[in-house]
Structure formats: structure tokens, C-alpha cells
Amino acid sequence: MRILFLGAGGVGGYFGGRLMEAGANVSFLVRPRRQAQLMENLLRVESPHGNIRLPAQTITKARKPYDLVVLACKAFDLDGAMETIQPAIGPETLILPLLNGLNHIDRLDAAFGAERVMGGLCHIPITMDPDGTIRHLSGIHRLIFGARSANQQPMVDRLAASFAGTSVEWSQSDSIMLDMWEKFFFLATLAASTCLMRGSVGDVNSLPGGTSFMNAMLDEATAVATASGYAPRGAVLERYRGEVTDAASTINASMARDVARGNRTEAEHIVGDIVRRGEEWGIASPLLGLGLLHLRVYERQLAAKAARSAT
């Protein structure tokens, strides 16, 4: 099976690298600068589950179809990504997106057909150094994928066989859209809260009113998921509530780290999307909306700064 990863950053480089370790036929579609890094320094991953140092097959332009295309880009790069992978999509090619949120599913369905677009998500705290080294920040490296239609099941089985030889904590799901919704509503809560408060979950909960605030924001997101037909399972909701109300937690969203570094965020694709979905159902989400407003102000300031630098 020929697998193409769009992107060799944190997510793509890590999971693609683990497949390479297991002998899978993996290529990376990357920008020229990243290709030069990989040619000079190899694919390098520093991880509690074992480091990776491997030569990577790279291309800067797709010219032939692959069996599976894995999208591991930022949500705000999706439009360009869809155009870039077009030559890699053959009659039997399937697409596995590993983006945050849910908005990308509708867009990929419209561009390539729902029968081609599998469901997938990952949980992995990861970053990449300026020299291209991928740093896995904890022992968490979960990957879940599944079929959204019956025609996709053979590919799911083939991918499962490929990951069976890796150290990745992977699973195939018969309810992948519910799994994706459960990550989405939690991530929206975590991102909106820690970006708005500019602190970790523990920072918020250790102050008066903090736990009430976190519970209320989680309730807003839960209401949207439930109205959309994907009510979180009881054990999942209980676990997430415990995580967002933990006064000792040092966790914050990767989006909050992007804000701290002055980087673009996926605000519209995650927080904005859940607020819009709530509006469609007539569900008020004032706290999520406040988080979104805060992020929109940040994004406008960031764009203005970039415009000034360009003149």
C-alpha cells in the first residue's frame, strides 16, 4: 500500500515516521524548505516511545495516485492542501484527514466525494523545532480512524494492519463521527477557555469562580454536540469534566501556545465552528462566543502586524 502524507510536521512526521519504522511505503508531500531539511537531517523524532532517525521519501508536487492520502496540515491551510493533493487522487484513493475540528469533513466531501473521505483523529502533544526535529512532549500518541461508509472498510483494515507493527496507541472505530465530535467539543472548550484566560486549566480553576466558568463553558459545548446528534458518552463527558476542572492541571490548548508565540490559530475552524453550529440550533453559547471574540481580536491584530511588516 502506497501512503502519502501531506505534511511532515508534528502530526504527519510522527505517525508517518512510525509507519516507516514498521516497513510501510510512506512518502511525504512537503514544501521545498522542509524537503531540504529532511534530505540534510533525515526525519528526526524525539519521543518517550523511542527516537526516529530515518531517510524520508519526499516530493514537492504530486504526479501520480496513491492508495491513501493522509492530511496532516493546519485547518487554515486546507484550501491549498486540497488543490495540492488533487494529482494524488486516483479512482480508488481514499483520504484520511487528521485535522482538528469537523469543518474540514464537509469541505473534503464536497471536493472529493464523501465515499473517499474517512474519519480520523489523534491525541498527541507535539511540536517541531526550527531545525525540523519533531519533539513528542509526553507519552500520549493515540490515533483513531474508521470508515464513514462501507466501501472504506477494506482500507481501514489495511491501515490497521500497517499500524499493528508500530508502537502507536491506535484503534479503528465503528463510530468514528461520534469519536470526532467528542474530541471537537472538548477541544473547543479547552481552546476557548485557556486562550481567553491566557493560562492553564489549573490557573483558571485555582481562582474563585474558575471552576464554575469551566463547567459552564463545557456545558455550552456539550449542548451543541447533543443537538447535533452526537451526545457525548457518559464516561467521556465525566472524564473531560474532570480534566477541565482540575486545579492542579498544567494543560492548556495548543491554540493557546500559538497565541503565546504570536502564530496564526485555528480559532474559526474550532471555536468559531462550534459557535456557528450552536446558532443553527438556537443554542446560546455566550462563553464560547466570548472566547471566539477574544481570538478574533488577536487574529486581526496579527494580520495588521503582518501587513505593516510587508510595507
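Every number in my numbering is 1 more than the matching position in the sequence shown, counting from 1.
All C-beta atoms, glycine included, are put in the ideal place defined by N, C-alpha and C.
Predicted, not measured: the structure shown is a model, and the values here were computed from it.
C-alpha distance - Ala-148 paired with Ser-172, whole-angstrom precision: Locating residue 148 in the sequence shown gives position 147, where the first residue counts as 1. Locating residue 172 in the sequence shown gives position 171, where the first residue counts as 1. Looking at the two C-alpha atoms, the distance is approximately 12 angstroms.
If you drop the 5 nearest sequence neighbours on each side, which residues of the same chain put their C-beta closer than 6 angstroms to that of Ala-161? Here the question's residue 161 lines up with position 160 in the sequence shown. Closer than 6 angstroms at the Cβ level, and outside the excluded window around Ala-161, lie Gln-173.
Buried/exposed call for Lys-184, threshold 16 Cβ in 10 Å: Your numbering for residue 184 matches position 183 in the sequence shown. Lys-184 counts as buried, since no fewer than 16 other beta carbons sit within 10 angstroms of its beta carbon.
Same chain, Cβ closer than 8 angstroms to Ile-271, neighbours up to 5 away in sequence not counted: Within the sequence shown, residue 271 is the residue found at index 270, counting from 1. The residues are Ala-76, Asn-101, Gly-102, Phe-185, Leu-188, Ala-189, Ala-192, Met-256.
Between the region 237-247 and the region 273-282, do three or more beta carbon pairs fall short of 8 angstroms? A contact is defined here as three or more CB-CB pairs under 8 angstroms, and the region 237-247 fails this definition with respect to the region 273-282.
Runs of beta strand (DSSP E) lying entirely within the region 176-247, each at least 3 residues, in chain order: For the region 176-247, not a single whole beta strand (DSSP E) run of length 3 or above is found.
Which residue wins for smallest C-alpha separation from Gly-292, given the options Gln-58, Leu-197, Ala-228? Within the sequence shown, residue 292 is the residue found at index 291, counting from 1. Between Gly-292 and the set Gln-58, Leu-197, Ala-228, the nearest pair of CA atoms involves Leu-197.
Between which residues of its own chain and Arg-32 is the CB-CB distance below 8 angstroms, once the five residues before and five after are set aside? Sequence index remark: in the sequence shown, residue 32 carries index 31 (1-based). Take Arg-32, set aside five residues on each side of it, and the residues of its chain with a beta-carbon closer than 8 angstroms to its own are Thr-61, in chain order.
Using three-state DSSP, classify Ser-172 as helix, strand or coil. As a position in the sequence shown, residue 172 is number 171, starting the count at 1. Ser-172 falls in the strand class under three-state DSSP.
Short check: CB of Val-46 to CB of Ile-125, under 8 angstroms? For the purposes of this step, residue 46 is taken as residue 45 along the sequence shown, with counting starting at 1. For the purposes of this step, residue 125 is taken as residue 124 along the sequence shown, with counting starting at 1. No. Outside cutoff.
What is the DSSP secondary structure of Pro-287, counted as helix, strand or coil? On the sequence shown, position 286 is the one that residue 287 refers to. For Pro-287, the secondary structure class from DSSP, reduced to helix, strand or coil, is helix.
Could you tell me if Ala-1 is buried or exposed, where buried requires 16 or more neighbouring beta carbons within 10 angstroms of its beta carbon? The requested residue 1 does not occur in the structure, where the chain is confined to residues 2 to 312.
Any idea if Leu-289 is buried or exposed, counting beta-carbon neighbours within 10 angstroms, 16 or more meaning buried? Against the sequence shown, residue 289 aligns to sequence position 288. Leu-289 counts as buried, since no fewer than 16 other beta carbons sit within 10 angstroms of its beta carbon.
Cβ of Leu-97 within 8 angstroms of Cβ of Gly-121? Residue 97 sits at position 96 when you count from the first residue of the sequence shown. Residue 121 sits at position 120 when you count from the first residue of the sequence shown. Closer than 8 angstroms, so yes.
For the alpha helix (DSSP H) that contains Thr-85, what are its first and last residues? Start at 1 with the first residue of the sequence shown, and residue 85 comes out as number 84. Per DSSP, Thr-85 belongs to the alpha helix (DSSP H) from 79-86.
Out of Val-245, Glu-280, Asn-264, which has the shortest C-alpha to C-alpha gap to Val-225? On the sequence shown, position 224 is the one that residue 225 refers to. Nearest option by C-alpha distance: Glu-280.
Nearest by alpha-carbon distance to Glu-221: which of Asn-104, Ser-201, Ser-194, Ile-127 is it? Position 220 of the sequence shown, counted from the start, is the residue given in the question as residue 221. Nearest to Glu-221 by alpha-carbon distance, out of Asn-104, Ser-201, Ser-194, Ile-127, is Ser-194.
Tell me where the beta strand (DSSP E) around Gly-147 begins and ends. Numbered from its first residue, the sequence shown carries residue 147 at position 146. Boundaries of the beta strand (DSSP E) harbouring Gly-147: 143-147, taken from the DSSP string.
According to DSSP, simplified to helix, strand and coil, what is Arg-265? Your numbering for residue 265 matches position 264 in the sequence shown. Three-state result, Arg-265: coil.
For Arg-19, collect the residues of the same chain with a Cβ closer than 6 angstroms to its Cβ; drop the 5 residues on either side in sequence, then sort them by chain order. Start at 1 with the first residue of the sequence shown, and residue 19 comes out as number 18. Cβ neighbours of Arg-19 beyond the five flanking positions: Thr-167, Val-169.
Is the beta carbon of Thr-266 less than 8 angstroms from the beta carbon of Leu-296? The residue given as residue 266 occupies position 265 in the sequence shown. The residue given as residue 296 occupies position 295 in the sequence shown. Cβ distance < 8 angstroms, so Thr-266 and Leu-296 count as in contact.
Can you say whether Ser-310 is buried or exposed, counting buried as having 16 or more other CB atoms within 10 angstroms of its CB? Counted from its first residue, the sequence shown places residue 310 at position 309. With fewer than 16 Cβ atoms within 10 Å of its Cβ, Ser-310 is classed as exposed.
Start and end residues, alpha helix (DSSP H) containing Ile-332: Given a span of 2 to 312 for the chain in the structure shown, any question on residue 332 remains unanswerable.
Could you tell me the boundaries of the alpha helix (DSSP H) in which Arg-136 lies? For the purposes of this step, residue 136 is identified with residue 135 of the sequence shown, where counting begins at 1. Element bounds for Arg-136: not the alpha helix (DSSP H) but the beta strand (DSSP E), 135-137.
Own chain partners of Ala-23 with C-beta closer than 7 angstroms, once the 5 adjacent residues on each side are dropped: Numbered from its first residue, the sequence shown carries residue 23 at position 22. Only residues of its own chain outside the window of five on either side were considered, and among them Ser-163, Gly-166, Thr-167 have a CB closer than 7 angstroms to the CB of Ala-23, listed in chain order.
Residue range of the alpha helix (DSSP H) that Gln-36 falls in? For this step, residue 36 is matched to residue 35 along the sequence shown. Element bounds for Gln-36: 33-42.
Of the listed residues Leu-72, Val-260, Ser-286, nearest to Glu-300 (C-alpha basis): For this step, residue 300 is matched to residue 299 along the sequence shown. That would be Val-260, whose Cα lies nearest to the Cα of Glu-300.
How many whole angstroms separate the CB atoms of Arg-35 and Gly-140, which I take to be in contact at a CB cut-off of 8 angstroms? For this step, residue 35 is matched to residue 34 along the sequence shown. For this step, residue 140 is matched to residue 139 along the sequence shown. Their Cβ separation, rounded to whole angstroms, is 26 angstroms, which puts Arg-35 and Gly-140 out of contact at 8 angstroms.
In whole angstroms, give me the CA-to-CA distance for Glu-244 and Phe-146. Residue 244 sits at position 243 when you count from the first residue of the sequence shown. Residue 146 sits at position 145 when you count from the first residue of the sequence shown. Distance between the alpha carbons of Glu-244 and Phe-146: 24 angstroms.
For the alpha helix (DSSP H) holding Asp-274, just list the boundary residues, first then last. By 1-based counting over the sequence shown, the position of residue 274 is 273. Annotation for Asp-274: the continuous alpha helix (DSSP H) segment containing it runs 274-281.
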